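FYI, in the numbering used here the residues of the sequence shown are -11 to 552. All C-beta atoms, glycine included, are put in the ideal place defined by N, C-alpha and C. Here the structure is a predicted model, which is why all the values come from computation and not from measurement. What follows is a single structure, written as structure tokens, with notes after it.
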Amino acid sequence: MAQFDETFDWVVVGSGAGSMASALLMRQAGKSVLILEKADVVGGTTCKSGGVMWIPNNRFIAEDGETDSPEAALAYLDALQNLDGGVAPGSTPQKRRAYVDQAPKMIDFLVDQGIELQRGNTYWPDYYDEMPGGFKTTRTVVAKPFNLKELGPWRKKLRKGFVEVNATLSEGMQLGHMRTNPGAKKMLAKIAFRTIGDKLRGRQFTTAGACLQGRLLKVALAAGVDIRTEAPVREILLDDAGKAVGVIAQAGDKTIRVGANLGILVNAGGFAKNQAMRDKYIPGSQAKWSQVPKEDTGDMHVELERIGGVLAQMDQMVGFQMTEAPGTENDYVMPGMQSVTGKPHAILVDQSGERYMNEGGSYELFCENMLKRNREVPAIPSWGILDQQYAEKYQVAGKWIDKKIPKAWEGKGYLHRADTIEDLAKAIGVPVEKLMATVERWNAFARAGKDEDFHRGEREYDKCGYVGDPYSEAKSIGTIEKGPFYAVPCVPGDVSTYGGVVTDEYSRVLRADGSVIEGLYATGVTTASPMGNVYPGAGASVGPSMTFGWIAARHAAGLDNQAV
């Protein structure tokens, strides 16, 4: 093996939240750390996300006087494995146990490092709260809004977040119900005054994923972590015994060889922007519908497979049902549809005019259902069917449509409006009798208060503010009977792919025969999800990424010999 240009104890590929958590653990152990980031900014997909962590039995639950336990969380994760018939090699009993036991400890570690965290919206239930061990308030943890000025010159190196204000996701959710939530206007005024105060004090706040990454970045820099942008890793180097000992990376117009004494952690994101890989693993999905950064092209998936890693669960993605509203093509985050079709007075139908799923619930399941349906009946796009009751209370793609159609949408064949369901069906090209029958059946369910077909509204998550409307009497189910009627297209977007290399409970990359590639660890959506083929709740990507990045660092540093 040729001599290295540089050597560090811990070399990390990618700069997402899992990378930072591992780096902080290594620095506390007195080890040198290098993070190599492909993009020209730090933060990866985490920065563009909600920055939510799904952490069972976390310290904030107890502080609020509620009770959770490792046993309940494990029962929940185990039960979810039975919901999907597919094989999920990334989720073993040992890995689920490691996650449940170590995730709360990882949070405690971050708090001890000075990372300011708090509980997420207390009405943010698990997505399958009716299952054994399901939680009906919230297991989520988020970072407190962060003043970017605290990063000094590094603030320009942090990837932009999607909510650059001093407000929490919980507060933002309340604003999304401006016409039904009596407290929304007061909340808006509160945020406005806060924003004015911040401006006068020279503060620049961000929230959601960017505030989590901002806080992690600040502490990592103070701890002496070496972070380099525009430094894509091209190759992972193995010695003659098959142990990972370093990487080859690009540094400007130079190629450098970096050695790793203790190990290499790969946390390089997924393959959401690689259409060829999507065509192979998730046919029917489109890279243009993904919310992830453009650098998310699966380079490390290919490299890990080349050196003996096994890819699994590659047909999975973290769905984000969205709508291609005219004028939003270049938006930083394109408009979602979860908060449209899950609201009262709205349903989703395929191109035959038939309803085929619960429009509430998990966005991952929503988009998976759409892709599956499309193999049998044209369902991409599907149609959100709404009435004037909906339009008077809620928005579509961030716009009010009850008074007039936004000018940018006129003549684009995007939002369809008609005085009758019959005419709406003709406008969108679905069978008239089928759509009329579907709406009539839904209205009967709505009047009875029970969705006999798909049980919408029976889970707590269906009724929470991110999907339904907790401020209305209907919450999730309402008739579609007041004209005019509207139809808006919906496609299966995503906020990441969800499959990758198989790892063990210590985050070590495994070969096909189950043996470990020594010195090589992986976490985040570079791996086959430890949650399996089901998304248990908000933060089921970021939480595992951070936890298993932390576990990897502990194992590599020899701080303990057990992840459980």
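Using CA atoms only, rank isn't needed, just tell me which of Tyr320, Tyr115 and Thr511 is closest to tyrosine 449. Closest by alpha carbon: Tyr115.
If we call anything under 8 Å between Cβ atoms a contact, is arginine 84 one with leucine 65? Yes, they are a contact pair.
What is the C-beta distance between glycine 299 and alanine 540, in whole angstroms, given that I count them as a contact (C-beta under 8 Å)? First, the residue type needs correcting, since residue 299 is leucine and not glycine in the sequence shown. The C-beta distance from leucine 299 to alanine 540 rounds to 19 Å, too long to fall under 8 Å, and the pair is not in contact.
I'd like to check one pair, threonine 194 with proline 281: are the Cβ atoms closer than 8 Å? Taking 8 Å as the cut-off, the Cβ atoms of proline 281 and threonine 194 do not count as close.
In terms of alpha-carbon separation, which member of Ala510, Ser460 and Val476 lies closest to glycine 487? It is Ala510.
Do phenylalanine 536 and glycine 6 count as a contact pair if the criterion is CB distance below 8 Å? Result yes, Cβ atoms of glycine 6 and phenylalanine 536 sit closer than 8 Å.
Would you call the stretch 301 to 321 in contact with the stretch 471 to 484, where contact means no fewer than 3 C-beta pairs closer than 8 Å? Segments in contact, yes.
Would you report the Cα separation of threonine 183 and lysine 144, rounded to the nearest angstrom? Annotation: threonine 183 to lysine 144 spans about 20 Å, alpha carbon to alpha carbon.
Through-space distance from glycine 38 to valine 21, alpha-carbon basis: One C-alpha to the other measures close to 27 Å.
Quick one: using the 10 Å Cβ neighbour count with 16 as the cut-off for buried, is asparagine 70 buried or exposed? That one is exposed.
Taking the runs of the beta strand (DSSP E) that are 3 residues or longer, which of them lie wholly in the stretch 325 to 359? If we require 3 residues or more, the beta strand (DSSP E) runs fully inside the stretch 325 to 359 come out as 334 to 337.
List the whole-angstrom C-beta distance separating phenylalanine 473 from aspartate 375, where the pair is believed to meet the contact cut-off of C-beta under 8 Å. With a beta-carbon spacing of about 5 Å, phenylalanine 473 and aspartate 375 fall inside the 8 Å limit used to define contacts.
8 Å Cβ cutoff met for valine 88 and proline 44: Yes, the Cβ-Cβ distance between valine 88 and proline 44 is below 8 Å.
Tell me which residues share the same chain as leucine 163 and place their Cβ nearer than 7 Å to its Cβ, disregarding the 5 neighbours each side in the sequence. The residues are Ala172, Met175 and Leu176.
Three-state secondary structure (DSSP) of lysine 174: Lysine 174: helix per DSSP, three-state reduction.
Smallest Cα separation from proline 227: which of Glu356, Glu506 and Lys178? Reading off the sequence, residue 227 comes out as aspartate, not proline. The option with the nearest alpha carbon to aspartate 227 is Glu506.
Within 10 angstroms of the Cβ of alanine 232, are there 16 or more other Cβ atoms? Answer buried if so, exposed if not. So alanine 232 ends up on the buried side.
Closest by CA to alanine 528, which one among Glu54, Ile23, Asp(-3) and Ala61? Selected option, being the one with the closest Cα: Ala61.
Going by DSSP in three states, glutamine 106 sits in which element: helix, strand or coil? Three-state DSSP puts glutamine 106 in a strand.
Using the Cα positions of glutamine 550 and valine 221, report the straight-line distance between them to the nearest angstrom. Summary for glutamine 550: the model assigns pLDDT 46, below 50, so the residue's position carries little reliability, and this model does not support an answer.
Whether or not the stretch 372 to 388 and the stretch 263 to 280 are in contact is what I'm after, with contact meaning three or more pairs of Cβ atoms, one per stretch, closer than 8 Å; do they touch? Contact between the stretch 263 to 280 and the stretch 372 to 388 is absent, because fewer than three Cβ pairs lie under 8 Å.
Where the beta strand (DSSP E) through phenylalanine 473 begins and ends: First-last of the beta strand (DSSP E) with phenylalanine 473: 473 to 485.
Mind listing, in chain order, the continuous beta strand (DSSP E) runs of no fewer than 3 residues lying wholly within the stretch 229 to 301? Correct list: 232 to 239 and 242 to 254.
Which term fits phenylalanine 181, buried or exposed, when burial requires 16 or more other beta carbons within 10 angstroms of its beta carbon? Burial check for phenylalanine 181: the Cβ neighbour count within 10 Å stays below 16, so the residue is exposed.
Might you give, ordered along the chain, the residues of its own chain that have their beta carbon closer than 8 Å to the beta carbon of valine 552, omitting 5 neighbours on each side? Bear in mind that a pLDDT of 37 at valine 552, under 50, signals an unreliable position, so the number given afterwards is only what the model happens to contain. Here the set comprises Gln82, Arg85, Ala86, Asp89, Gln90 and Glu493.
Is the Cβ-Cβ distance between alanine 379 and isoleucine 416 less than 8 Å? Result no, Cβ atoms of alanine 379 and isoleucine 416 do not sit closer than 8 Å.
Is it a yes or a no for the stretch 408 to 425 touching the stretch 329 to 347, going by three-plus beta-carbon pairs under 8 Å? Taking 8 Å as the limit for Cβ pairs, the verdict is that the stretch 329 to 347 does touch the stretch 408 to 425.
Please state if the CB of cysteine 452 and the CB of alanine 198 are separated by a distance shorter than 8 Å. Between alanine 198 and cysteine 452, the C-beta spacing is not below 8 Å.
In angstroms with no decimal places, state the Cα-to-Cα distance between leucine 209 and alanine 545. Approximately 20 Å between the Cα atoms of the pair.
DSSP beta-bridge partners for valine 384? Under the DSSP definition of a beta bridge, valine 384 partners with Lys387.
At the level of alpha carbons, what is the spacing between arginine 496 and arginine 447? Straight through space, the alpha carbons of arginine 447 and arginine 496 are spaced by roughly 36 Å.
What residue range is occupied by the uninterrupted beta strand (DSSP E) comprising serine 370? Boundaries of the beta strand (DSSP E) around serine 370: 370 to 374.
Proximal residues to isoleucine 335 (C-beta, below 7 Å), its chain only, five neighbours per side dropped: Excluding sequence positions up to five before and after isoleucine 335, its CB lies within less than 7 Å of the CB of Thr329, Arg343, Glu347, Ile373, Trp430 and Ile468, all in the same chain and listed in chain order.
So alanine 396 packs on threonine 128, CB below 8 Å; how close in whole Å? About 35 Å; that fails the 8 Å criterion.
Assign glutamate 291 to buried or exposed, taking buried as 16 or more other Cβ atoms, counted over all protein chains shown, within 10 Å of its Cβ. Looking at its Cβ environment, which holds 16 or more other Cβ atoms inside 10 Å, glutamate 291 is buried.
Less than 6 Å between C-beta atoms, sequence neighbours within five positions excluded: which residues of the same chain meet that for lysine 387? Apart from the 5 residues on each side of it in sequence, lysine 387 sits with its Cβ closer than 6 Å to the Cβ of Pro394 in its chain, given in chain order.
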